[in-house]
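Participant: Let me give you the structure first, and then I'll get to my questions.
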Amino acid sequence: MNRNKGFTLIELIVVLGIVGILAGISIPGLISWSRNASYKEAANLALTALRQAKGQAINLNQSVTVLFTLDNSAANTANKIKVGAGSEMLFKKGIEIKQGSSCDVADGTLSIAFNPTGSSDAGFICIFDGTVQKYRVGIATPNTGRIFLEKF
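Taking our numbering, the leading residue of the sequence shown gets 63, the next gets one more, and so forth.
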């Protein structure tokens with residue numbers, strides 16, 4: 063007896079069709095997840111910088127300033143953070159960041175200074191996806207210097 067081993071052309075086409083359908087269903091969700099992860103990464107970068115500055119101010123018993131430099135131009139390459147005298151950290155390219163209490167200032171600098179007691183200046187930065195606000199990071203109560211992260 064001669065037995066053929068392998069798959070028929072019909073079986074291969076059916077399997078490829080099923081794989082194509084599954085890919086079509088999963089890829090949009092994967093793209094959305096990836097974009098949301100970028101926004102969360104930017105929010106965590108800002109949160110980490112503020113926490114680092116507060117810790118340094120308390121430990122070193124001196125004022126430490128966090129400087130957010132925002133440039134949401136078409137090139138969008140200059141959104142950065144600097145903690146005290148440390149090096150600058152860059153936000154991922156393509157993420158729109160604004161400042162101000164109502165998150166309406168797209169360019170310029172925001173300076174938040176922490177005192178040795180842990181108190182600070184008030185200030186917010188907001189991370190946007192186009193016109194939709196994703197995260198807000200900042201200090202709402204200057205007396206305590208409490209740092210918060212708010213997701214929308």
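Even for Gly, the Cβ is constructed at its ideal location relative to N, Cα and C.
1) Could you give the residue range of the beta strand (DSSP E) that holds serine 94?
2) According to DSSP, is glycine 170 helix, strand or coil?
3) Report the residue from Thr131, Thr206, Asn177 and Asn205 whose alpha carbon sits nearest the alpha carbon of aspartate 169.
4) Anyone know if the C-beta pair for serine 173 and threonine 127 falls short of 7 angstroms?
5) Helix, strand or coil for alanine 202 per DSSP?
6) Is alanine 175 helix, strand or coil when you go by DSSP?
7) Should alanine 263 and aspartate 183 be called a contact, given that it needs their Cβ atoms to be closer than 7 angstroms?
8) Quick one: residues in its chain with C-beta nearer than 6 angstroms to the C-beta of leucine 122, no 5 flanking neighbours on either side, listed in chain order?
9) Exposed or buried, valine 199, counting other C-beta atoms within 10 Å across all chains shown (16 or more means buried)?
10) Can you tell me whether isoleucine 189 is helix, strand or coil according to DSSP?
11) Thinking C-beta only, is isoleucine 157 closer than 7 angstroms to alanine 105?
12) Considering only C-alpha positions, which residue in the set Asp133, Leu152 and Ser135 is nearest to lysine 142?
Facilitator: With the structure as the only source:
1) Within the sequence shown, residue 94 is the residue found at index 32, counting from 1. Unbroken run through serine 94 is the alpha helix (DSSP H), 71-122; no beta strand (DSSP E).
2) What you label residue 170 is simply residue 108 of the sequence shown in a count that begins at 1. Residue state, collapsed to three classes: strand.
3) In the sequence shown, counting from the first residue as 1, residue 169 sits at position 107. Comparing Cα positions, the closest option is Thr131.
4) Taking the first residue of the sequence shown as position 1, residue 173 is located at position 111. Taking the first residue of the sequence shown as position 1, residue 127 is located at position 65. Taking 7 angstroms as the cut-off, the Cβ atoms of serine 173 and threonine 127 count as close.
5) Here residue 202 corresponds to residue number 140 of the sequence shown, with the count starting at 1. In this structure, alanine 202 counts as coil in the three-state DSSP scheme.
6) Position 113 of the sequence shown, counting from 1, holds the residue named residue 175. Three-state DSSP puts alanine 175 in a strand.
7) Outside the shown range of the chain, which is 63 to 214, sits residue 263, and nothing can be said about it.
8) Walking along the sequence shown from the start, residue 122 turns up at place 60. Answer for leucine 122: no residue qualifies.
9) Along the sequence shown, one-based indexing puts residue 199 at 137. Here valine 199 is buried, its C-beta having at least 16 other C-beta atoms within 10 Å.
10) Here residue 189 refers to the residue found at position 127 when the sequence shown is read from its first residue. Three-state DSSP puts isoleucine 189 in a strand.
11) The sequence position of residue 105 within the sequence shown is 43, counting from 1. The sequence position of residue 157 within the sequence shown is 95, counting from 1. Contact flag unset, no.
12) Walking along the sequence shown from the start, residue 142 turns up at place 80. Among Asp133, Leu152 and Ser135, the Cα nearest to that of lysine 142 belongs to Leu152.
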